[in-house]
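All remarks here apply to the structure that follows.
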Ligand code: PBG
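Numbering (our numbering), first residue to last: 126 to 460.
As structure tokens, this is what we get:
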């Protein structure tokens, strides 16, 4: 009896793979351009858009070219964005957030509610040393409280400039609660808060740090971000951070990077009933681009496969450098 069932199943399983029609009917995971957020870089003091090694279609934009890029993205069905502002002036504390705020204002003035505008809240593009927070006087550690004060100021300024969503990526303790409280206090109750809650200390951020001019530099004893980002070998830290950030008022939680952390995404998204975003980070995106350039992989199909894995593991939202290609690639590769 058991044997009969097994034989029957073995024979039957290939029937459901037999044609594009039956494959598209039986898919359990579906992709749509609606799920995507496109990251954007805008850089102060450059006169032309600049290519970013590994990221192909994504550029370091000027304030002017940024608006044209968004116009073209809207034509491609992408209306959700995550802005990274890269100001020219670097400092140690008392940062000036006006460059990024001005870009948010310009985008909202031009596009209004046609776009959903999120903004990265961090200090690494503005610090002389490239760390994500304010350093102690001895330059030997990132000070939590002083960093949170600066991040709260940035978040409020960005909300005032019209950001629909602020997204802190710094990994300081307590910043979600502090930002939520300050936003509410200043009348920005509607501004969403997306926490990079499960952000790991990853080597896959390489191309981004070129784009955002944010690699840790020599001036401090800290060589990397290991004292504040999550250790890849400690998934329970990601769980604790995500539970805490949900409790402190995050509306959306995130796992970052994506592909090397699918197990974390699956566990956390099943366990914590919040919308989950996944960040397909620069290095994992570039890995596919570079393999495709070498003729080792089918570019579009490989990206679709990675995105499918994110949704299968529980993500509702995909932040990807390929968002602006999503509609075309999905149509062409998932008929
Ligand atoms: C800033 C920040 C980083 C990324 C997003 N926000 C880099 C880092 O923490 O070093 C990475 C994004 C990517 O690699 O695509 N703190």
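Even glycine gets a Cβ: it sits at the ideal position worked out from N, Cα and C.
Let me make sure I understand the geometry here. Which of the options has the alpha-carbon closest to that of residue i?
| i | options | result |
| --- | --- | --- |
| residue 189 | 231, 220, 352 | 231 |
| residue 169 | 458, 285, 250, 358 | 250 |
| residue 368 | 397, 259, 314, 343 | 397 |
| residue 163 | 407, 318, 171, 328 | 407 |
| residue 216 | 297, 342, 161 | 342 |
| residue 317 | 366, 373, 347, 228 | 373 |
| residue 365 | 393, 357, 418, 346 | 393 |
| residue 379 | 322, 416, 297, 346 | 322 |
| residue 382 | 346, 237, 326 | 326 |
| residue 213 | 361, 229, 172 | 172 |
| residue 183 | 455, 450, 460 | 450 |
| residue 403 | 419, 420, 433, 423 | 433 |
| residue 387 | 395, 438, 283, 417 | 438 |
Name the two residues that bound the continuous alpha helix (DSSP H) containing residue i.
| i | result |
| --- | --- |
| residue 393 | 387-396 |
| residue 369 | 360-373 |
| residue 186 | Careful: residue 186 lies outside any alpha helix (DSSP H), inside the beta strand (DSSP E) at 184-186. |
| residue 302 | 300-310 |
| residue 436 | 424-437 |
The beta strand (DSSP E) that contains residue i, what's its start and end?
| i | result |
| --- | --- |
| residue 283 | That residue, residue 283, is in no beta strand (DSSP E); its alpha helix (DSSP H) goes 269-285. |
| residue 245 | 241-246 |
| residue 293 | 290-293 |
Helix, strand or coil for residue i per DSSP?
| i | result |
| --- | --- |
| residue 164 | strand |
| residue 156 | coil |
| residue 404 | strand |
| residue 348 | coil |
| residue 171 | coil |
| residue 250 | coil |
| residue 325 | strand |
| residue 444 | strand |
| residue 89 | Residue 89 falls outside the range modelled here, since the chain spans only 126 to 460, and no answer is possible. |
| residue 147 | helix |
| residue 216 | strand |
The stretch 290-307 contacting the stretch 370-390, beta-carbon criterion three pairs below 8 Å: yes
Does the stretch 256-264 come close enough to the stretch 350-361 to have 3 or more Cβ pairs within less than 8 Å?
yes
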